[in-house]
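Line order of the protein sequences matches chains A and B. Heads up, the first sequence is in the numbering used here, so the first residue is 1 and it goes up one at a time. Heads up, the second sequence is in the numbering used here, so the first residue is 1001 and it goes up one at a time. Note that beta-carbon positions come from the ideal geometry of N, C-alpha and C, so glycine has one too. Notes to accompany the following structure.
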Amino acid sequence: MAPVAEDIGTTLTVFFDCATKQLVDQGMMKKVAFRTGGTTVTDGVSLAKYVLEVMPDVKTVAGLNQDYAYGHDEWDDFKNALLAMKPDVQIVGELFTPLFTSDYSAQISKILDLAPDLLHTSFWGPDLVNFIKQASARGLFQKVKVAFARGEFGLSQGMPDGQIVEGPDYHAFPDPRAYYVNRDFVNAYQSRFGSAPSYPAYHMANAVLGVKYAIETAAAVENVAWPDLSAVIHVFERLAYPAPGQYIIMAPNHNAMEGAVVGVSKGGDLEKFKFMYPAEVNPPVGVPSTQWIKSL
Amino acid sequence: MAGFAISFLISFYVFFLNILMTSLGMAFTYGVTRILNLAQGTFFVLGGYLASVFAWQIGLAFGIAAATAASLAFGPLFYLYVKALGRTELEQLFATYALLLIGEGLFKLVFGNGNYTTASLADGLGSVEVLGQQVPYSYLWGGAVAAALLALMYLLLARTRAGLYMRAVRDDAEMASALGINIREVGLSASALGILITAASGAASSMWQAFTLGLSGQILVYAFASLVVGGVGDLLGVVASSAVISAVRTAAVFLYPQLELVAIYLVVIAVLLTRPSGLFARHARLA
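This is the structure in structure tokens:
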């Protein structure tokens, strides 16, 4: 998408939830393409940092991820960040399953057999639900602690207690009682859909608000009713704005510096959760992510 | 070693159950009516959706039963739809594929994009511990459902007059027709039964699987593999081939996980090369 959008060059294109780090590492968002969310690096590094805070003695780690670019990137970024910060961690298994696998019995058996201290997964959607249900039924969560990248959706789908869950966004952060943007967002979402907003809702809000603020600001600066594309891009490249889940800071590489919430699951909520600051979990602009992760 | 063996056996059994559940109804329908139903997954998913909705109102067992009963109406409709649209096998493929797409659209309209499952209710069934490994009762009940469906199909085919007609139509439809069997009625009841079996399997599978948009096509992969290996339309063949595929897949995950999907296709290719009519087919596949 990004190269095509740049090729055509006439349509503002905003990625709201795709997580691939390639867009940043290969400088694929040059003019009209932007992304208002973090990458798999954000997920992996924030999760690894939190894991080392709550499990400083973690020795053996296994991964169970989906067999496509996202799953491999999530696992590599988490694994490399963890190994950079704690080199004596042993990777005891790397499992990948096809997207939309409906039965994880073999993988669950294998993980029970490996008995690692920690299992990492970046499952989402039906795969996340199936894994949670099937692993719960087999008693996996009593024997192995699991770290869920982008696992926030699982909180409403029977996530067992005591697991490490990364958002990246979570409806109770920033505290809605203190931060009106999140309060209004949660209330509006709740009254319309009957549940607290999930992290993709936050990511979509980031994108919609980013476009809105870029256009409004450009119009005000140029003193016109509708600004032209180059003025919008000029503003978007320098924009920082309040969004429901956090302040979004756009960097010169057209990608947001986004932080991430990580916590421990308890009764469908997160407790002891922590916000990882954007600068702590994203490489500095211009530094390739693999190189930056090694330096952690 | 005992621990390894038991964890292998559990995964083998669970995946065997999964494949068997997705391919039983398909094998039955094709066996009697020669309709290769690409919309098979649609009815499987429908069973799962309905069971998940009903189970929260009236309990797990009744929910699964109600979903199965509700799907009974779709059998005759399906048969009439396919017969009206397609005479040749190719046309039937198109007709059933269209149904798959229509089904996905209707599911989106009716059920939205949520994940539907009865797994939380099935958790209440508890689990039994075998050599330190937890085996959920839901899988054992699922096995009982599959066994009951198989027994039902066997009794029907082997012991009743209707079954005799079905077997006659399967072996030679033209001759059966000449002898006074109403092929249309046999086809109607067989596809109704095939869809009933499929929906019941889907409903029972909701105990361990979440149903969501896009699944109808996904589950065809394993169902097809099972049909090709077993020999299309043969019940015992489907049971045996589900076991073969499950054993291969489970072994692949344990020994060399990268090969999980490839291993299944390798089995399919090997069977197609060496015994194109399937490992257990009684008759050569007709052109």
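Are the region 146-153 of chain A and the region 115-130 of chain A in contact at 8 Å, needing three or more beta carbon pairs?
yes
What are the residues in the region 1005-1020 of chain B lying within 7 Å of chain A by C-beta distance?
Cβ contacts with chain A come from Ser1007, Phe1008, Ile1010, Ser1011, Val1014, Phe1015 and Asn1018.
Can you look up isoleucine 1181(B) in the DSSP assignment and give me helix, strand or coil?
coil
I want to verify the contact list: residues of chain A whose CB lies under 7 Å from the CB of glycine 1214(B), in sequence order.
Those within 7 Å of glycine 1214(B) in chain A are Phe100.
So, does the CB of phenylalanine 1044(B) fall closer than 8 Å to a CB anywhere in chain A?
Chain A, which has no Cβ nearer than 8 Å to the Cβ of phenylalanine 1044(B), makes this no.
For the putative contact between methionine 257(A) and proline 278(A), defined by C-beta atoms under 8 Å, what is the C-beta separation to the nearest angstrom?
Yes, methionine 257(A) and proline 278(A) are in contact; Cβ-Cβ is about 4 Å, under 8 Å.
Test item: CB-CB of threonine 20(A) and alanine 69(A) under 8 Å
Going by C-beta atoms, threonine 20(A) is nearer than 8 Å to alanine 69(A).
For leucine 112(A), which option in Tyr1097(B), Ser1226(B), Gly1231(B) and Leu1131(B) has the closest C-alpha, if you only look at C-alpha atoms?
In terms of CA proximity to leucine 112(A), Leu1131(B) leads the group Tyr1097(B), Ser1226(B), Gly1231(B) and Leu1131(B).
Should the region 4-22 of chain A be regarded as contacting the region 103-112 of chain A, the criterion being three or more beta carbon pairs within less than 8 Å?
no
Counting contacts by CB-CB distance shorter than 8 Å, is valine 1253(B) in contact with chain A?
yes
Please check if any C-beta of chain B sits within less than 8 Å of the C-beta of proline 284(A).
no
Which class does serine 1052(B) belong to by DSSP, given the choice of helix, strand or coil?
helix
Determine whether the Cβ of alanine 137(A) lies closer than 8 Å to any Cβ atom of chain B.
yes
Can you list, in chain order, the residues of its chain whose CB lies under 8 Å from that of tyrosine 1081(B), leaving out five sequence neighbours each side?
Ala1095 and Leu1099
Using the C-alpha atoms, what's the distance from valine 1145(B) back to leucine 1286(B)?
A caution first: leucine 1286(B) carries a pLDDT of 46, below 50, which makes its placement in the model too unreliable to give a value.
Quick one, which of Tyr50(A), Asp103(A) and Ala220(A) has its alpha-carbon nearest serine 1206(B)'s?
Asp103(A)
is_contact[tryptophan 1141(B), chain A] using C-beta, thresh 8 Å:
no
Mind the definition here: the region 1146-1153 of chain B touches the region 1016-1030 of chain B only if three or more C-beta pairs lie below 8 Å; say whether that holds.
The region 1146-1153 of chain B, when compared against the region 1016-1030 of chain B, does touch it at the 8 Å Cβ threshold.
Can you find a CB in chain A that lies within less than 8 Å of the CB of serine 1127(B)?
yes
Measuring CB atoms only, is the region 1266-1278 of chain B touching the region 1230-1243 of chain B, in the sense that at least three cross pairs come out at less than 8 Å?
yes
List in chain order: all unbroken beta strand (DSSP E) runs of 3+ residues lying wholly within the region 221-279 of chain A.
Qualifying beta strand (DSSP E) stretches, in chain order: 240-242, 247-250, 260-266 and 269-276.
Name, going along the chain, the residues of the region 1257-1277 of chain B whose beta-carbon falls closer than 9 Å to a beta-carbon of chain A.
Pro1257, Gln1258, Glu1260 and Leu1261
Using C-beta distances below 6 Å, list every residue in its chain close to valine 235(A), excluding the 5 sequence neighbours before and after it, in chain order.
These residues qualify, in order along the chain: Ala214, Thr217 and Ala218.
Three-state class that DSSP yields for phenylalanine 141(A) in the structure shown
helix
Using a Cβ-Cβ cutoff of 9 Å, what residues of the region 151-176 of chain A are near chain B? List them in chain order.
Gln157 and Gly158
How would you list, in chain order, the residues of chain A whose beta-carbon sits under 7 Å from the beta-carbon of serine 1120(B)?
Under the 7 Å cutoff, chain A gives Gly158.
What do you get for glycine 1187(B), buried or exposed, if any count of 16 or more other CB atoms within 10 angstroms of its CB means buried?
buried
Per DSSP, what kind of secondary structure is tyrosine 1116(B) in: helix, strand or coil?
Strand at tyrosine 1116(B).
Using the Cα positions of phenylalanine 1074(B) and isoleucine 1195(B), report the straight-line distance between them to the nearest angstrom.
7 Å
Counting Cβ pairs, one atom from each stretch, are 3 or more of them under 8 Å apart for the region 219-239 of chain A and the region 133-143 of chain A?
At 8 Å Cβ cutoff, the stretches do not touch.
Could you work out which residues of chain B lie near valine 45(A), taking near to mean beta carbons separated by less than 9 Å?
Result: empty, since nearest Cβ-Cβ is about 26 Å, beyond 9 Å.
Just checking: is the beta-carbon of proline 126(A) within a distance shorter than 8 Å of some beta-carbon in chain B?
Yes, its Cβ sits closer than 8 Å to a Cβ of chain B.
Who are the near neighbours of alanine 1168(B) in its chain, counting only those whose CB is closer than 8 Å to its CB and skipping five residues on each side?
Met1175, Ala1176, Leu1179 and Ile1181
For the alpha helix (DSSP H) containing proline 3(A), list its first residue and its last residue.
Note, proline 3(A): alpha helix (DSSP H), 2-8.
For valine 24(A), decide whether its Cβ has a neighbour in chain B, counting only Cβ atoms nearer than 8 Å.
No - not a single Cβ of chain B is within 8 Å of the one on valine 24(A).
Residue from Gly93(A), Lys59(A) and Asp77(A) with nearest C-alpha to leucine 1255(B):
Gly93(A)
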